[in-house]
Every structure is written in C-alpha cells, then in structure tokens.
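Q: Residue numbers (the working numbering), protein chains in the order written: chain A, 1447 to 1759; chain B, 1447 to 1759; chain C, 1447 to 1759; chain D, 1447 to 1759. Built from N, CA and C at the ideal position, the CB exists for glycine as well. Since the model is a prediction, treat every value here as computed from it, not as a measurement. Just passing along the structure, written as structure tokens.
Protein chains: 4
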Amino acid sequence: MDYQPLLEEVLKDVSAYRGQGSVAGYIPTLARADPNKLGIALALEDGSAFAAGDGEETFSIQSISYVFSLALALHHQKSALWNHVGREPAGSPVNSIFQLEMEKGKPRNPLTSAGAIVVCDQLIGADTADEAVEEMLGFLRERSSDESVAIDEGLAMSESQAGAFNRSLAYFISAFGNMQNPVAEVLSLYYRQCSIAMSCRQLARAALYLAFDGTDPVSGDAVTVASRARRINALMLTCGHYDNSGDFAFRVGLPGKSAVSGGILAIIPGTGAVCVWSPGLNAAGTSLVGVMALERLVERTGWSLFGHGRSLG
Amino acid sequence: MDYQPLLEEVLKDVSAYRGQGSVAGYIPTLARADPNKLGIALALEDGSAFAAGDGEETFSIQSISYVFSLALALHHQKSALWNHVGREPAGSPVNSIFQLEMEKGKPRNPLTSAGAIVVCDQLIGADTADEAVEEMLGFLRERSSDESVAIDEGLAMSESQAGAFNRSLAYFISAFGNMQNPVAEVLSLYYRQCSIAMSCRQLARAALYLAFDGTDPVSGDAVTVASRARRINALMLTCGHYDNSGDFAFRVGLPGKSAVSGGILAIIPGTGAVCVWSPGLNAAGTSLVGVMALERLVERTGWSLFGHGRSLG
Amino acid sequence: MDYQPLLEEVLKDVSAYRGQGSVAGYIPTLARADPNKLGIALALEDGSAFAAGDGEETFSIQSISYVFSLALALHHQKSALWNHVGREPAGSPVNSIFQLEMEKGKPRNPLTSAGAIVVCDQLIGADTADEAVEEMLGFLRERSSDESVAIDEGLAMSESQAGAFNRSLAYFISAFGNMQNPVAEVLSLYYRQCSIAMSCRQLARAALYLAFDGTDPVSGDAVTVASRARRINALMLTCGHYDNSGDFAFRVGLPGKSAVSGGILAIIPGTGAVCVWSPGLNAAGTSLVGVMALERLVERTGWSLFGHGRSLG
Amino acid sequence: MDYQPLLEEVLKDVSAYRGQGSVAGYIPTLARADPNKLGIALALEDGSAFAAGDGEETFSIQSISYVFSLALALHHQKSALWNHVGREPAGSPVNSIFQLEMEKGKPRNPLTSAGAIVVCDQLIGADTADEAVEEMLGFLRERSSDESVAIDEGLAMSESQAGAFNRSLAYFISAFGNMQNPVAEVLSLYYRQCSIAMSCRQLARAALYLAFDGTDPVSGDAVTVASRARRINALMLTCGHYDNSGDFAFRVGLPGKSAVSGGILAIIPGTGAVCVWSPGLNAAGTSLVGVMALERLVERTGWSLFGHGRSLG
C-alpha cells in the first residue's frame, strides 16, 4: 500500500501549527534549530518506507537513543538490569531529582535522564565508554541499514559543557552506590549517544524490529526475543515522554519516545514504526506539532493500541 | 472457541502461589477475605463467557469502580473533566498525598483514590450522591446484564468509618477549591461505589464495550464513542495499578485496573475483557496471584498489546 | 523605668509602613480586619506594663494560642508528648502537608498547625474538648489576671466552616494512628483556642512567666519548672513563625510566635514579654509591620538573645 | 574565676557514655577516629581559657568551618549574600537534595552543605580558591592567636575523592545558575576548609568575638559589626545542627555548630565560647556525648539563652 499520500496529508493537516512551541535552548546548537522543520517517516513489515516533509533530514536523536541503549543493556545484563533501574512512570518533571532521592539513587525507569545514565553505566560494564559508543553506533547502522549514521561530536562537546544537571544526577546516583564506572566515563557515553544524528526515515527503520516481536521483518534478523521487544514497547508506552507519557498514550495510543530535539519515535506493533520531527516543544518537552501529527495519523489509520479498529490500518 | 480449558490451565499454573501476598487489612470485612480464593472470567465479542475457579463469586469491586465512574463522568462532563483531574501516572505510593500538594489539589489521574474522589464530585454534579449511586448501579446492571448487582451497605459503612486517609484527601482537594459538593456527600458516593459486590464474570461482561471502541458487541448498545473508550483504556494502561502500573504493562501488556480486594479487570482491545480475583496483594497493592494468572493468559494467547502475535488470540 | 516613650517611638518609627502586607482572607471575620491597626504592649518583672497604639484592643490570638496549649499539654503529658510531635523546625510553607507524610503523621513541632492539632488531642486526653477549652480559658485568665478573656464563638464557627485544610491535616494524622480522640472533637478545641480574643497587653502579661524560668514574677506563682519554660522559649525561637522562623531570629533575636491575625508574642528572658499587633502579613504569614516594630525595639534596647548588650535592657 | 574544675566535672558526668554513637565512616581518615576521645575547652572575655580531656588535640573542623566562611563572605558580600542563600532552617536530613529543588538551587541557609558550597563560591568571588583558602587560614590563625593552624591536605584529598554527594549538590546549584565559579574550583575551597585541623581550645578562642558583638574582647579587634555577629549567632541557633537544630536549642539553648568529626562549637553571648569534641555521632550527625556535655555545662551555669539564670554564669 502506498502511504505517501497519507503522510503528506497528515503533514498538511498540522502544518498551520508549525513554529509553535519552544525550541530547546540550553545549548546553542539546539537553540538554532529551525522551528518550521517538520518531517515524518514510516517503515513497514514488507520493507517499504515512506518519508514526507523533512523526514530525510538528520537531527540529534537525544533521548530517543535511550530506547536503543536500553535494548543493548538488556541484551548484556538481562533482568539484572532491573536491580539498578525501575520500570515505573516518573510522575515528575523532566528536571526533577526528588524521586531519585526518595528511591535512594535507583531511577524509576530507563527512559528518564537519570535512568538512561544508569543504563549507560551498565552498558559500559567492564568495557570503556569508547567501546560502548562503537557498539551503539554499529547497532544503529545495522538496524537502519545505513553506514552513514554518525555522532555530531561538536554537539556532544556542547552538551557535555552545558550538562550541569545531568552531572548532578550522575553524582547523586553515584553517591548512592548505583554506579560502577567513573561519572566522567559514563557521561562520555551518554552525551555521545544523545548526539547521534539520524533522520526520521533512519529511526523508523532502525526500530522496526520492536514492532515484530524482536525480529527485523525485512532482514529476518532475530534481534531480540519477543518478550524483551514487548517489554521495551511497554516501557515506551508508560514512560516514554517525561511527564506527559499519560497524555501521549491518551492522545496517540502507541509506544513512543520523545526527544528534546523535537523527534518522536513510535512503534505500531504488528505493523511498523513511525518517526516525526518538529523542533517546537510543549511545556513537558515533547514535540508539539509532532504529537499532533501522530494523533492525526492514528485517527486516520486506527493504529491505536486501545481500539478495535487496527484492521483499518 | 472454548476458552474454558485455557482458563482452568491458567489457574492450575498459578495455584501453587495461592495464599501468598497480604490481604488488605484496614477494615475487618476485607481482612477476613479467604486468601485462597482464586477466580477468573473472560467475556468475548460473540457473547460467549467463561469462568473458572471462584470466578462466579462476588467481592467488593473497590477501585475497579473508578473505571466505570470515570466513564460516566466523562459522559456527563466531557473534556471539562480534565480541568479537575489530570491524566498522568502518579509515580508515588497509593497512600501518598505529596503530589496532590505539588499540583495544587488537582489529582494526577482519575484512577488514584484522590482522582476517583474528584470524579465522584463531578459525577454528582448538581445532583445528590444517592442519585449518582443509582446511576452507577443502573449502569453496571445494564452493562453486566445482571439486575442482581448491588452494594454491600455494611461494607460501605465500615469503609467510611475506617477512611481517615481518604477523608484527608477529600478535604485537601476541597482546600484547593477543587470540590463543588460537600466532602461528606462526595465520600458517600465514593464509599458506596467501592462497596459494590460483583463477580469476575459480571465485571468482565460489564467492561466488554471498552474492548470494542465503545459499543457493546453483544447487545449492540453504543455505550460511548470510540475515542472515549480508547482513552479510558489508555488511562488504565498507564495509571491502573497504583505504583506498579509500569510493572503491570511490562508483564501483562493490557489495560487494567487493580483493586485492594484482589480483583483485576483487564481489557483486550478487539477481543474481549478478562477479570481475575485473588485477595493476596503484592507490596504495591495489586493481586499477587492475579497478575501472575494474567501473565500466563497473555503468554498463552499472545494478547499483549505490545507484540505482533495478537492473531494467536 | 518608664517604657511608654520608647513604645510610642517604636510605633512612630514604623507607622509609615502601616497598611502594607496582606490581611489574612480565608474567613470574612479576618478579612475585615483594619490593616491600619497597630499596637504594642510590654510586661515587666516588677509588674509594670505599658501599651501603645492599639495595644489594648483585642484580636483573635490564632496560633499564638499554640504556645499556651503546648504549655498545658506538657504539664499533663510531660515528655511523653514528644512521642506524638517533634521539635524541629518545619522547613516548609504553612500550608504544606508534605513533611507530615515523610514523617508518618508525626508533626515536626508543636507550633505548626499540624503540631498544634496533635497538642490539642493530647490536651483533651481522656477528657472532652469542652473541658479542655475551659482549662485553657482558665489558664489564660489567671495568667493575664483578667477574667474577661473569652472566645469569639462566631469566629470559631467561621474558622471551622472554612477549615478544609486543617481538617485534611487532622484526618491525615489520624490515618497514621497519631490521634486518640475523634477528629471533630479535637478540631472543636483547636478552632476555639484560635478564636480566643485578647489584647497585646493581655498576651504580654499572660506570657510573663516564660521570661522568668516558669515563675510569674508578679504573682509569684510557680507556673512551671525552669527547664520547661526554657524549652518552650527554645521552640518559639526555632519554630515560632512558619517558614520565616529563621528570618525572625536573624532580625529580632527573641523567642516569638506569630499569628495570622497579625499578632506576634515575644519573650525577653530575664526581662519581660512583649506583644505587637498589625494585621498586614508578609509572604510567610507573619505581621509585616509587627516584625519591624520588634526589630526597632530590640535595636534600641539590646534585648536580642544573640548580643552582648542585654544589660542595656 | 577558675572553670577548670567545672569542665573536669562535666566530662566526668558524661564519660560513661564515651564510645556511644557512630563515628562518621564515609572516608577512612574519619572512620579511624578513636570513639573514646572526649575534649572540651572554654574561652572567656578576660582572655582566660580552660581545656579538659582531649581539649588540646586537633581534629578536622569539617562543617564548623561554615561559621567562619560565612563570616568572611558576609564581610565581602554584605547582604548581597542573601540573594544566593537563605536563612531558614532546613527541615530535612543532612543528605537531602529535595529542598534545593523546591527552592530552585538556592540553599535554605549557609550552615548546610549546599549553603556552605554557595558561601565558598561567593567567598572566592573574582579570586581563586587558593586565595580564599589563604584568607580563611589567615583569619583562623589570627582569631585563635595561633599560627600553627593548618590544613590536613591528605584529608582534603580523601574528602574530595569520596565526595559524590557534595559534587551532586554543587552541579545541581550550578544547573540553577547559582554558581559563578567552576564547580571544581569551589569544591577545592570547600574540601580544604573542612580539612582544617584545630583543637577545642583553638576553636573556642577563634569564635570568641561572636560572643561580644563582633569585637574580640582580648585583642580588642573589631572583627565585625554587632548586628552581623548577632545574626551569625541567630543562624547557628536555628540552623547549626542539620536536622537536630531544634533539639539542640531545646536541650542546650546556645548558638552552636556541629561537625561530622564530632566537634561542636557553641557561643555564650556576653560570656564566651565553648567547644567540645567526641567522635561518636547521634542519628542526625551531631556528637552524641558532645551534646550531653554541653547540656550539663549549661545546667550547671545557667548559660542557656532561654532562662533567667544567666547571672549564674
């Protein structure tokens, strides 16, 4: 089926809202993002892929990277990972450290900054941050079938320089004994994974295996077991959007992960993966126009997990 | 298809764990519950229904009632309800008042005690608690096709007498100006809805419309619009189990609602509704054996929202 | 020594600020207070007493009553009282319930609303609220040598009707098992003690024994032992002014207790007691002009506990 | 007057409790402290000084240093310091970051770790940490009339290596924009000031000016103005002992500052300064036997700020 017209239409539906929301401003590279950018891409079981608007343009994947580092860390640590990080929604704003104190340095889930830092530490394990970065890049290149995926090193440097809050989180976790590697080493991985540049098309393709119980339906690669793929989706649904995860489930009804760069990756189990990008964020840090686009897409296709009408898709 | 053998098998799988967990002890009626009770029931699109173990025995539905009062309040108030209650996961234990303070008396979602109290207030609206109770009972009788559904009035009285924490929540909400009716009136509805006695079979049947975009597939009644049914499911998935909603999504992967009496209602969009009951609770207040039973059921059927294999169901 | 000119001068110093601050508005009786009222009174060891401005006019003593109910409860319960309430500063705004949750229903100190409610419960003990009210009134009449001290019953009724937040606190404490009497009984005492009407002159006189190690220097009555009087003073210094107790110590340097009606009672150990009244409050709920007046008084007399110059007094 | 016998007696009174409490264990140097050490020293207006037990032995002054860095920072920044740090008691345990989040990176008072870090930043100002360390050492040498006061550099190194929690605090403050110098520079001063080694005798002597409105009564040096000395005393009284400042005021009734090394410095306005040292700490981090010794001393002398009997002293 040709989804190109549908994607075009979805973008048209929401294009009047382009430029709304606030572009993340904590580092110059992000602050300079063009608020009118708007892209979408869809990858399907049969290998077909569609992109519209700026869907082929790269942006830093920021916290969308958490989904992939979680997948890799679970591959290495298996359920031992859950000794170091929980799997409950956070219930607090993106920049809050309160729950980390209440829960003695164990982040509530791997899709918050604190949780992703712990996942980075576990992913490094007995290796180095450089090795973990290589593993991550290799994984994303293989999953997206695109060797050009790379880190924006200048951005990684800026992120690190601006990163007082994340440094605070990391030392706080360390003070509770929940970090095995030096903070500097862990953050070196963290900032580089956040600075990987990818397009909507590459991200949708890379995440396709999550929609098919862990097996890439195009290459046939058994990337992970079904239970793990389902659980990553479950975490995305309950925890993927800072303190508006509930609202995203309510409005879109798909597992997803938002990033401060304005990207949102969403999984359509049994069907495919979709990614949108628009830099203006809502008050909770999710792409304002991006979530509108996904809402329209799901309305038109019936892809919500919560309805009867998935057969419409 | 005959699901009877499957339900029996699921109960057999978990029956070794019967009696584990802690029975809720804050009022004598609940504390006297037999920890060895274990029941399950399934209602399907074609009107077929299956029950096993103690699946026909009634228990007080407690916070499972929140799903139905939410449905009714949304019917009356429509999206104005969201001015009074949020839709984000709570991120704090069942007996915490902290977030309510941070968020100035607006509960995070309608499936916590605080949220359900606000929903009760909205459901009463300009009427009386007695009228709202009647509406609620009428709705549950109609949806379960069973006129025998009734309130355990003795239990309602005990709940009210023991309810210092909920009284505290209600006055706190009222202090922030988020309550239009007197606290006593609102709690009168709240305790009576929690004391409605239903069986797993009745609950699964009553919730069937939520699996079919708001239309009861057996009676053909258009109970609510598709978007509202989907949204209630989304809220159940992100917020339905106190501070283990994330874990429930991770393990079971279905929209659900836990109750301190040991019941769990779960929705299988496009397929049906299932309810389990076993009084022993885990540390977060969800039925310990109940969640295990649902986990087995989903493993065997592929009904998780997050996998490819729903066609197995 | 004739302190009359000094008191007049102090009032003159600050009278330009009269009317600033916000009058407490949660009940009409308080909201109607004239923001230009300004009074002061001083009671000394030799029985001499001085009043200036509106220092003879009565106002509801509100949380200044906590000092006296604490004294009575300590008399009855002795150090067992500290099993029910702590003695640390609160570190949170006047209307916060958060710490009460963190500390499982044990208020941090007896000079917050929550703490005063627990003190009321302990003061009632096995008696009734009515008996405790009588004891309290009798104590204040005796200590102020004035039989006319009385409750403003209309105000007590209004306070009770408006008191959703305090009801919430009381039920929360009760939910943690830290209340032996029914909430309604405890609040009946609480609201009546807050509604006792006294003037600056009466309050300064009534508190005189706290400045002299527990013995009223005029009547010679041994009201309490030295260690208890000192400890009440210590609590007033560290906890007497909601979340600006530190600032009061910093600026004034005397044990004191603020009330939302704009009264502030302060103790000058070894010298006497002083009370000011001016209804406009600062952001933390302490009389804005009242604290300025005390600041000037202490500057002129050297009465601060923290300086060398007490001999000036 | 010869206070030597009194000090000996006080130590004798409490010596049965020596060894109780927990020695701070977060770095080896502190953990190795002999729990049986017990010393006391008193410095008076006339230059007389008394020491008993281990009162001449040096220990790291740790957070007692906060009193002196506060005095220096106030000297430089004057009231502008209060833009960066508050003056309210903390109301939370020593290792809590929660309030710092609630108050957007402005520590509640200068006598907590977070507050002391901000004071260090302000003390450095446009200089370097090395210069600030020199100023601090010079000040302590002059005030204690002892050129031998020095930093235990090995300890400073260990503190820095173990200091994940303080690093977390510092980066958190920095993330809120409340730090003008680099975190590493600020902590370099912080850890060195905490590692200054002094005896009870030296500390009591150095703080003597705080008891006399800012003027050293022995040398006649006008160290600071009266209002500032009084305010430092007020802060010590309300905030000097982590989350047992209220209890210290209640039991001892003097401005004081506790340190994790087991030292407690206390000021007796108009009379002198006293310092005790005993490494075993109570649950809140204050010297368990130290506070008992001060309690006895005050009982015997009537030096409590809150009583009539100061003339006994």
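Which class does residue 1468/C belong to by DSSP, given the choice of helix, strand or coil?
A: Here residue 1468/C sits in strand by DSSP.
Q: Mapping DSSP to helix, strand and coil, what is residue 1582/D?
A: Reduced to three states, the DSSP call for residue 1582/D is helix.
Q: So that I know if they touch, is there some Cβ in chain D lying closer than 8 Å to that of residue 1759/A?
A: Its pLDDT being 30, under 50, residue 1759/A is placed unreliably in this model, and the coordinates cannot settle the point.
Q: Would you tell me roughly how many angstroms separate the C-alpha atoms of residue 1559/A and residue 1631/A, rounded to the nearest one?
A: Using only the alpha carbons, I get a separation of about 16 Å.
Q: If you run the structure through DSSP and keep just helix, strand and coil, what is residue 1600/C?
A: Residue 1600/C: helix per DSSP, three-state reduction.
Q: In whole angstroms, what separates the C-alpha of residue 1530/B from that of residue 1624/B?
A: Roughly 7 Å separates the two Cα atoms.
Q: Could you have a look at residue 1752/C and say whether DSSP puts it in helix, strand or coil?
A: Correct three-state label for residue 1752/C: coil.
Q: Using a C-beta cutoff of 8 Å, does residue 1618/A count as contacting chain B?
A: Judged by the 8 Å Cβ criterion, residue 1618/A is not in contact with chain B.
Q: Just the Cα atoms here: how many angstroms apart are residue 1451/C and residue 1603/C?
A: In a straight line, the C-alpha of residue 1451/C is about 40 Å away from that of residue 1603/C.
Q: Anyone know if the C-beta pair for residue 1508/D and residue 1640/D falls short of 8 Å?
A: Contact: yes.
Q: Have a look at the DSSP bridge pairing and note the partners of residue 1721/D.
A: In the DSSP output, where bridge partners are listed per residue, residue 1721/D has 1487/D, 1711/D.
Q: At the 8 Å Cβ level, is residue 1613/D part of the contact set with chain A, yes or no?
A: Output row for residue 1613/D: interface = yes.
Q: Just curious, the beta strand (DSSP E) that residue 1495/B is in, first and last residue?
A: First-last of the beta strand (DSSP E) with residue 1495/B: 1495 to 1499.
Q: With H, G and I counted as helix, E and B as strand and the rest as coil, what does DSSP make of residue 1658/B?
A: Reduced to three states, the DSSP call for residue 1658/B is helix.
Q: Can you grab the Cα-Cα spacing for the pair residue 1591/D / residue 1637/D, in whole Å?
A: Spanning the two alpha carbons is a distance of roughly 23 Å.
Q: Do the CB positions of residue 1691/D and residue 1733/D come within less than 8 Å of each other?
A: Not a contact, by the Cβ cut-off of 8 Å.
Q: Got a sec: is the Cβ-Cβ distance from residue 1756/C to anything in chain D below 8 Å?
A: With a pLDDT of only 49 at residue 1756/C, under 50, the local geometry of the prediction cannot be trusted, and no value is derived from it.
Q: With a threshold of 8 Å, are at least 3 pairs of Cβ atoms found where one atom belongs to the region 1529 to 1546 of chain A and the other to the region 1489 to 1498 of chain A?
A: No, they do not touch.
Q: Taking Cβ-Cβ distances shorter than 7 Å, what residues in chain D pair up with residue 1544/A?
A: Within 7 Å Cβ-Cβ: 1544, 1547.
Q: Can you give me the start and stop residues for the beta strand (DSSP E) that residue 1504/C sits inside?
A: Note, residue 1504/C: beta strand (DSSP E), 1504 to 1506.
Q: What three-state label does DSSP hand residue 1678/D in the structure shown?
A: DSSP places residue 1678/D in helix when its eight states are reduced to three.
Q: To be precise: take each residue of the region 1582 to 1611 of chain A, compare its Cβ to all Cβ atoms of chain D, and keep it if any distance is under 8 Å. Which residues remain?
A: Answer set for the region 1582 to 1611 of chain A: 1610, 1611.
Q: Can you confirm whether residue 1621/D, when its beta carbon is compared against all beta carbons of chain A, has any partner nearer than 8 Å?
A: Closer than 8 Å to some Cβ of chain A, the Cβ of residue 1621/D qualifies, so yes.
Q: What's the C-alpha gap between residue 1717/D and residue 1658/D?
A: Distance between the alpha carbons of residue 1717/D and residue 1658/D: 8 Å.
Q: Who pairs with residue 1458/B in a beta bridge, going by DSSP?
A: According to DSSP, which records beta bridges pairwise, residue 1458/B is partnered with nothing at all.
Q: Would a C-beta distance cut-off of 8 Å place residue 1681/B and residue 1553/B closer than the cut-off?
A: Not a contact, by the Cβ cut-off of 8 Å.
Q: Using a Cβ-Cβ distance cut-off of 8 Å, determine whether residue 1534/D contacts chain C.
A: Chain C, which has a Cβ nearer than 8 Å to the Cβ of residue 1534/D, makes this yes.
Q: Does the beta-carbon distance from residue 1741/A to residue 1544/D come in below 8 Å?
A: Cβ distance not < 8 Å, so residue 1741/A and residue 1544/D don't count as in contact.
Q: Looking at the secondary structure, which residues open and close the alpha helix (DSSP H) in which residue 1563/B lies?
A: Residues 1559 to 1570.
Q: Measure the C-alpha to C-alpha separation of residue 1586/A and residue 1739/A and round it to an integer number of angstroms.
A: Cα to Cα, the separation comes out at about 25 Å.
Q: Against chain A, with Cβ distances strictly below 8 Å, would residue 1752/B count as a contact?
A: For residue 1752/B, the answer is yes, since a Cβ of chain A falls inside 8 Å of its Cβ.
Q: Could you check where the beta strand (DSSP E) with residue 1643/B kicks off and where it finishes?
A: From DSSP, the beta strand (DSSP E) with residue 1643/B extends over 1642 to 1645.
Q: I need the DSSP call for residue 1513/C, collapsed to helix, strand or coil.
A: DSSP places residue 1513/C in helix when its eight states are reduced to three.
Q: Only counting the same chain, and skipping five residues up and downstream in sequence, which positions put a Cβ closer than 8 Å to that of residue 1744/B?
A: Taken in chain order, the residues that qualify are 1698, 1699, 1700, 1750.
Q: Nearest chain A C-beta to residue 1538/B closer than 8 Å, yes or no?
A: Yes, residue 1538/B counts as interfacial toward chain A.
Q: Throw me the rounded Cβ distance for the residue 1689/A and residue 1540/A pair, which I believe falls under 8 Å.
A: Contact holds; Cβ gap of about 7 Å.
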